[in-house]
Amino acid sequence: MNAVSLLRELVRIPSESGREESVAARVESALRELGLSPVKEGRNVHAFLGESGPLLLLNSHTDTVPVGEDWTKDPWAAEIVDGKIYGRGSNDAKGCLTAMILGAARAFARNPPQGRVCLAATCEEEINGKGLEELIKRLPRPDAAIVGEPTGLAPAVAQKGLLILEITAAGRSAHAAWGGGVNAIEAAARDIAALSALSFDKTHPALGRPTLAVTQISGGTRHNVIPDRCKLVVDIRTTPDYAPEEIVAQVKARARGEVSVRSQRLGSVATDVSHAVVQAALAANPGAKPYGSPTLSDWVFLKGIPTVKAGPGDSRRSHTPDEYVTIAELEAGVAFYERLIRNYFALAAAP
Ligand SMILES: [Zn+2]
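Number 288 in this note's numbering belongs to position 277 of the sequence shown; there are no gaps in the numbering.
Right, here's the structure in full:
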């Protein structure tokens, strides 16, 4: 089985979030062709390699975002032009998944390392992460994990979290012509200005500071009624330096509207650079530097498990028209994961 043909097959099976059934079935059969005994539960597939020793989880996702507009290539044809494999999901993250499967298979095909790998292809990463969130509850607890996302094979050692708040400014409605009432939109505007002045002072070595943006606003019902309510949605990208409650308290101290938490399920995560899994990833790609990633991934569901996010491809090509991964990137990815697995078990076994 070669990486290019497997990836092209996976790209040709559409798998928008929630519709991963067919691609999961193909991953399952590919794992079986490699001599593994995959387990398919719903739209998640996993398989173990190795007999005993520390457990390293290799996870990536089978789902993709919708195709969207402006493609000049067929998003499902997996066409190859100038060494690039085009298609929705080629870069995010079927290239990573393919490279993980073949990298792990190679590592155990000859001279197998002293340890166990769990390969997990999970669903719904792009919408809610329910795939890995459910699977991880049923697996033995991994000693370390790799999340396959396109990072150019550089290990992300920290990842920002997401905290979503809602702020509701209250006013009192009145007929606009009479000039009375209390305008909730104006109150919300003052809250927006107050929040733009909010700054976080703790700087994380890999992630820097949290960021905050008001990303949605709704208020008013008619042109001639002073609005009595205006709702803001605030998107905050968090770091491990702040508990969500701390950030909520800072927002409450600035905003006069009523602050409520819509979501704090996706926390920030980080792994110490000295950990074996980070060192194994760096040794597998000696030119790379560890970095902090502002974007979410299924890593959020691996809290407490030393993890790096790394894989072939470029995250700037994710979710775009004419998404692609190059054959060279894909093949480097297979070799990278094989080396990473070998390095990790060598380091994990060291006294
Ligand atoms: Zn992804």
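In this text, a Cβ means the ideal position worked out from N, Cα and C, and glycines have one as well. None of these values were measured; they are calculated from a predicted model.
- Just measuring C-alpha positions, the residue of S184, E256 and I203 sitting nearest V236 is S184.
- In this structure, I196 lies away from E269, with their beta-carbon atoms at least 8 Å apart.
- According to the DSSP assignment, R127 belongs to the beta strand (DSSP E) that extends over R127 to T133.
- Going by beta carbons, L150 and D202 fall outside the 8 Å limit.
- Closest in alpha carbon position to N296, among R30, A343, G140 and A188, is A343.
- The beta strand (DSSP E) runs of length 3 or more contained entirely in the stretch 41-117 are, from start to end of the chain, 50-52, 55-60, 66-72 and 95-97.
- The stretch 135-217 is shown to contain whole beta strand (DSSP E) runs of 3 or more residues at 155-158, 167-170 and 172-181, in chain order.
- For the set L341, A361 and A360, the Cα lying nearest the Cα of L17 is the one of L341.
- Per DSSP, A294 is one residue of the alpha helix (DSSP H) stretching across A287 to A295.
- S48 is a Cβ neighbour of A58, given a cutoff of 8 Å.
- Annotation for I228: the continuous beta strand (DSSP E) segment containing it runs T222 to G230.
- Cβ contact annotation for E62 (same chain, cutoff 8 Å, sequence separation greater than five): R127, in chain order.
- If you check the C-beta of E135 against ligand 1, you find no heavy atom less than 7 Å away.
- Separation of D333 and C107 (C-alpha to C-alpha, rounded to the nearest whole angstrom) is 17 Å.
- Per DSSP, the unbroken beta strand (DSSP E) holding I247 starts and ends at R240 to T249.
- Look at G303 here: in three-state DSSP terms it is strand.
- The shortest CA-to-CA distance from V225 to any of V245, P123 and T214 is the one to V245.
- Annotation for H72 indicates a beta carbon within 7 Å of some heavy atom of ligand 1.
- Counted as a single uninterrupted DSSP element, the beta strand (DSSP E) harbouring K320 occupies residues T318 to K320.
- Approximately 6 Å separates the beta-carbon atoms of Y302 and A217; this is inside 8 Å, confirming the contact.
- Between the stretch 165-174 and the stretch 249-267, the count of Cβ pairs shorter than 8 Å is three or higher; the stretches touch.
- Within a 10 Å sphere around the beta-carbon of E137 sit 16 or more other beta-carbons, which makes this residue buried.
- Around the Cβ of N122, a 10 Å sphere holds fewer than 16 other Cβ atoms; the residue is exposed.
- DSSP places I352 within a helical segment (H, G or I) once states are collapsed to three.
- Exposure of V92 is indicated by the presence of fewer than 16 other C-beta atoms within 10 angstroms of its C-beta.
- For R273, the three-state secondary structure derived from DSSP is strand.
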